[in-house]
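Some notes on the structure that comes next.
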Amino acid sequence: MAFISLTTTFVGATVRPRKSALCRSTKHRPAPDEIFTPSASAVPRNKNLEKLQAGYLFPEIGRRRNAYLAKNPGAKIISLGVGDTTMPIPPHICKGLADGASKLGTPDGYSGYGAEQGMGILREKISSILYKGSIAPDEVFVSDGAKCDISRLQQVFGSNVSIAVQDPSYPVYVDTAVMQGQTGLYDSAVSQFEGIAYMRCDASNGFFPDLSTVPRTDLIFFCSPNNPTGAAATREQLTQLVRFAKKNGSIIVFDAAYAPFINDPAVPTSIFEIDGAREVAIEVNSFSKYAGFTGVRLGWVVVPNELVFADGSPVRADFNRIMTTCFNGASNISQHGGLACLDEQGREEIQGLIKYYLGNAGMLRKTMTELGFDVYGGTDAPYIWVGFPGKKSWEVFNEILEKAQVVTIPGAGFGPGGEGYLRLSAFAPRASCEEACKRLRALYAGVAA
Numbered sequence: 001m002a003f004i005s006l007t008t009t010f011v012g013a014t015v016r017p018r019k020s021a022l023c024r025s026t027k028h029r030p031a032p033d034e035i036f037t038p039s040a041s042a043v044p045r046n047k048n049l050e051k052l053q054a055g056y057l058f059p060e061i062g063r064r065r066n067a068y069l070a071k072n073p074g075a076k077i078i079s080l081g082v083g084d085t086t087m088p089i090p091p092h093i094c095k096g097l098a099d100g101a102s103k104l105g106t107p108d109g110y111s112g113y114g115a116e117q118g119m120g121i122l123r124e125k126i127s128s129i130l131y132k133g134s135i136a137p138d139e140v141f142v143s144d145g146a147k148c149d150i151s152r153l154q155q156v157f158g159s160n161v162s163i164a165v166q167d168p169s170y171p172v173y174v175d176t177a178v179m180q181g182q183t184g185l186y187d188s189a190v191s192q193f194e195g196i197a198y199m200r201c202d203a204s205n206g207f208f209p210d211l212s213t214v215p216r217t218d219l220i221f222f223c224s225p226n227n228p229t230g231a232a233a234t235r236e237q238l239t240q241l242v243r244f245a246k247k248n249g250s251i252i253v254f255d256a257a258y259a260p261f262i263n264d265p266a267v268p269t270s271i272f273e274i275d276g277a278r279e280v281a282i283e284v285n286s287f288s289k290y291a292g293f294t295g296v297r298l299g300w301v302v303v304p305n306e307l308v309f310a311d312g313s314p315v316r317a318d319f320n321r322i323m324t325t326c327f328n329g330a331s332n333i334s335q336h337g338g339l340a341c342l343d344e345q346g347r348e349e350i351q352g353l354i355k356y357y358l359g360n361a362g363m364l365r366k367t368m369t370e371l372g373f374d375v376y377g378g379t380d381a382p383y384i385w386v387g388f389p390g391k392k393s394w395e396v397f398n399e400i401l402e403k404a405q406v407v408t409i410p411g412a413g414f415g416p417g418g419e420g421y422l423r424l425s426a427f428a429p430r431a432s433c434e435e436a437c438k439r440l441r442a443l444y445a446g447v448a449a
């Protein structure tokens, strides 16, 4: 019988494997003072992470929800909070995912690492179907979602850039800027980070910033339809934004994740519908809300070939370098699902999902309007933005949770401009949405009128 030696010989030494704990003598037991206790390392903490305020908004919502349930275990909570889709993935798209997984179990269908930029056929479909050929396939980068892409874009631009954000806005823009070292300290007196230009967007300016008051920055983060306000920028407004960026030599990071919810044919669904945008903009998009892929994880970024840095080098090349170093490509299975989304049948199924969620949005908008509140959004976006003048948004959040068992999102979590507002999400089962409306009517009947 042949034996395999487990002895490993190195130059000048022979190392034998240690006996397992089961084989070693059990005669010696460590005294209490011999037991290892952790001590601080000599590694300093990242100073940028120290600047971040409390926890990220959405996990904090979950923490408060769970704390309420712990005290009230019988409560039947309805969530109109985090923008997470709730309807099942439609059959044709689900089959695309399943077929993609099944192929991996066959010799001919198996594939390992894919191209970091994504499957060529998927990039071609995104180009031809979603952008009608106005974007070249090699300008499309398929990814694992918009949030990750925003972080990777921040890596491209580094710490020596200045940024502007809509106020209120999706908190990832600010948090990733802080992590990257693009900001100063947090000023609690004004609820802002030093070094960020907060572009106020509210009802008084049609939820579009007065650009004449905005200082020049390197990057401008802009989301339309907007999360959280639900406002969709018009063609005229986006034209102003592109001209502003061109005049200042800025780059727009345009978040179009909610573009599929736009009903108004006059409202652009892409920044690249605007003349000159290819020279000043990057577009981030996602299958998450488009097709219910929040858990599947699939998105894309468009970086036009015309977009260059101050030295003339292409931004696309640097983003490609980040992708090839920090990312091994989106899941093969997810990308097969993406292909099914863009088939004719898949697109029809997606329109059914969008119609469903917009139906919820209309119901929520009608309820809060009839209760006498100032209500925005909900027509070209799945979010409803409700004003509670004179009240702190976290206080209103707590009131609705405790008295109606409905989870919302406090506007202050989206920036100082969100104080006094709540965001309601239409991503809920229809029956839950109907019940939430009943509870809100019972809670606020005659209060705001």
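FYI, UniProt numbering numbers position 261 of the sequence shown as 261, with every residue one higher than the one before it. Glycine residues also receive a C-beta, built at the ideal position from the N, C-alpha and C atoms. None of the values given here were measured: they were computed from a predicted structure.
Which whole-angstrom value is the C-beta distance of residue i and residue j, which I expect to be below 8 Å?
i           : j           : result
residue 279 : residue 90  : Not a contact, Cβ separation roughly 38 Å.
residue 396 : residue 79  : Going by Cβ atoms, the distance from residue 396 to residue 79 rounds to 16 Å, so no, they are not a contact pair.
residue 139 : residue 305 : 6 Å
residue 253 : residue 277 : The pair is not a contact, with the Cβ atoms about 12 Å apart (cut-off 8 Å).
residue 385 : residue 230 : 5 Å
residue 166 : residue 244 : About 13 Å separates the two Cβ atoms, so there is no contact after all.
residue 232 : residue 380 : 4 Å
residue 120 : residue 137 : 7 Å
Name the residue from the options whose alpha carbon lies nearest to the alpha carbon of residue i.
i           : options            : result
residue 327 : 52, 152, 131       : 152
residue 85  : 392, 231, 287      : 287
residue 50  : 183, 101, 285      : 183
residue 438 : 38, 367, 202, 135  : 367
residue 291 : 75, 347, 71        : 347
residue 234 : 270, 104, 423      : 270
residue 372 : 109, 446, 170      : 446
residue 54  : 77, 191, 160       : 191
residue 195 : 162, 223, 221      : 162
residue 317 : 60, 116, 64        : 116
residue 87  : 268, 360, 239, 378 : 360
residue 273 : 100, 295, 239, 435 : 239
residue 330 : 100, 134, 391, 263 : 100
residue 208 : 188, 168, 420      : 168
residue 60  : 421, 105, 431, 398 : 398
Over the uninterrupted beta strand (DSSP E) stretch that includes residue i, give me the two end residues.
i           : result
residue 131 : Unbroken run through residue 131: none, as it is neither H nor E.
residue 222 : 219-223
residue 166 : 163-167
residue 283 : 281-286
residue 141 : 140-143
Within 10 angstroms of the Cβ of residue i, are there 16 or more other Cβ atoms? Answer buried if so, exposed if not.
i           : result
residue 266 : exposed
residue 433 : buried
residue 217 : buried
residue 261 : buried
residue 321 : exposed
residue 370 : exposed
residue 102 : exposed
residue 418 : buried
residue 334 : buried
residue 440 : buried
residue 289 : buried
residue 442 : exposed
residue 127 : buried
residue 81  : buried
residue 309 : exposed
residue 268 : buried
Just curious, the alpha helix (DSSP H) that residue i is in, first and last residue?
i           : result
residue 335 : 332-341
residue 237 : 235-248
residue 197 : Note, residue 197: premise wrong, no alpha helix (DSSP H); beta strand (DSSP E) at 196-200.
residue 68  : 57-71
residue 121 : 120-125
residue 97  : 91-103
residue 356 : 344-370
Confirm, please, whether the CB-CB distance from residue j to residue i is below 8 Å.
i           : j           : result
residue 193 : residue 214 : no
residue 410 : residue 394 : yes
residue 255 : residue 146 : yes
residue 129 : residue 337 : no
residue 357 : residue 382 : yes
residue 298 : residue 125 : no
residue 219 : residue 157 : yes
residue 426 : residue 364 : yes
residue 300 : residue 142 : yes
residue 68  : residue 339 : no
residue 171 : residue 307 : no
residue 376 : residue 197 : no
residue 228 : residue 258 : no
residue 212 : residue 180 : no
residue 135 : residue 315 : no
residue 362 : residue 387 : no
residue 175 : residue 52  : yes
Taking 7 Å as the line, does the beta carbon of residue i fall inside it for any heavy atom of the ligand GDP?
i           : result
residue 299 : By its list of ligands, the structure shown contains no ligand whatsoever, and the ligand GDP lies outside what it can speak to.
Please tell me whether residue i has its Cβ less than 8 Å away from any Cβ of chain B.
i           : result
residue 338 : The question asks about chain B, but that chain is absent: this structure has only one protein chain.
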